[in-house]
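In my numbering, the protein residues as written are 2 to 155.
Have a look at the structure below, then the notes.
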Amino acid sequence: MDQETQGVIQYLEKLVEENTAQSRNLQKQLRFTRLLAIAACALAGAFLAALLCIVPPLLRTVKQADGLMEQVSAAVENADQAISQVTQTLTEADKALLGIQSMFDEDGLMNQTGDALAQAMEKVDSMDIESLNKAIRDLGDVVEPLADFFNKFH
2 MDQETQGVIQ YLEKLVEENT AQSRNLQKQL RFTRLLAIAA CALAGAFLAA
52 LLCIVPPLLR TVKQADGLME QVSAAVENAD QAISQVTQTL TEADKALLGI
102 QSMFDEDGLM NQTGDALAQA MEKVDSMDIE SLNKAIRDLG DVVEPLADFF
152 NKFH
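What follows is the structure, given as structure tokens:
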């Protein structure tokens, strides 16, 4: 065999060895790719399972929060009505206090009543009680014989 043929054979053997090495490397890559694909599927499955475990309770929580917000809204409306009623009551009480205060003003009801009471006391003091008592006794002296007279006819 000549040297040229031997060079070609060596070259072909070298190509076969490189081809075999590449084939082994491709098989390793295929295994790693399959492992990565399996890992990606497992990760996607875990993610999906996590979503299935988290989303329903999260939706229930959101629904409960919505219900609570409605209750809070109703409570705020009730509080607003109560504050309006308290404000109205305080306004009426303020008006009543102004009315009571006006009774004690200089020309108010209490001063007028006090003045009238003072005038009445002056009139009572100005009465002659002794003369009034004497007139009552005299009237009693006159009426007693008349009463005795009319009692006889009964």
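Yeah, the Cβ is synthetic: ideal placement off N, Cα and C, and Gly gets one too.
Note that the structure is a prediction, hence the values are computed from the model and not measured.
From residue i to residue j, what distance separates their C-alpha atoms?
| i | j | result |
| --- | --- | --- |
| Glu14 | Ala40 | 39 Å |
| Ile137 | Gln120 | 25 Å |
| Gln4 | Arg25 | 31 Å |
| Gln174 | Val56 | Past the edges of the chain, shown from 2 to 155, lies residue 174, and the structure says nothing about it. |
| Glu145 | Leu133 | 18 Å |
| Ala117 | Leu91 | 34 Å |
| Leu98 | Gln65 | 48 Å |
| Ala94 | Gln113 | 24 Å |
| Cys54 | Arg61 | 12 Å |
| Ala148 | Gly115 | 44 Å |
| Ala38 | Ile10 | 41 Å |
In the DSSP assignment, find the unbroken alpha helix (DSSP H) run with residue i in it and report its ends.
| i | result |
| --- | --- |
| Lys135 | Ile130 to Asn152 |
Counting only beta-carbon atoms, is residue i nearer than 8 Å to chain B?
| i | result |
| --- | --- |
| Ala47 | The chain inventory of the structure shown lacks chain B, comprising one protein chain alone. |
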